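Colleague: -11 is the number of the first residue of the sequence shown in the numbering used here; add one for each residue after it.
After the structure tokens below, expect a handful of questions from me.
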Amino acid sequence: MKTIEVTVRPDGSTRVRTRGFWGAACRRASRFLERTLGRRLWERRTPEFYERPPLRREQRERDGA
């Protein structure tokens, strides 16, 4: 399941964490939050960022897998 988690700390700093997205899709999904919350100070890419999304059933059948 795709989710976006936003944490607001007592000092006002925020953390945006995406789950269930692959590659740059996480950035596209959270872009509106980053624009609203302000400048990004740092970014840590998760292993999901480097993974390819799983093939859907129709793609496997069409490709002969």
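Yeah, the Cβ is synthetic: ideal placement off N, Cα and C, and Gly gets one too.
Owing to the predicted nature of the structure, the values given are computational and were not obtained by experimental measurement.
For the beta strand (DSSP E) holding Glu31, just list the boundary residues, first then last.
Modeller: On the sequence shown, position 43 is the one that residue 31 refers to. Taken as a continuous stretch (DSSP letters only), Glu31 belongs to no beta strand (DSSP E), as it is neither H nor E.
Colleague: In terms of residues, what are the limits of the alpha helix (DSSP H) holding Glu39?
Modeller: Here residue 39 is taken as the residue at index 51 of the sequence shown, counted from 1. That residue, Glu39, is in no alpha helix (DSSP H); it is neither H nor E in DSSP.
Colleague: I think Leu21 touches Val4, with their Cβ atoms under 8 Å apart; what is that distance to the nearest whole Å?
Modeller: Locating residue 21 in the sequence shown gives position 33, counting from the first residue. Locating residue 4 in the sequence shown gives position 16, counting from the first residue. Right, the Cβ-Cβ distance comes to about 5 Å (below 8 Å), so this counts as a contact.
Colleague: Given a cut-off of 7 Å on the beta-carbon distance, is the pair Ala17 and Thr6 in contact?
Modeller: As a working note, residue 17 is residue 29 in the sequence shown. As a working note, residue 6 is residue 18 in the sequence shown. Yes, Cβ-Cβ distance for Ala17 and Thr6 is below 7 Å.
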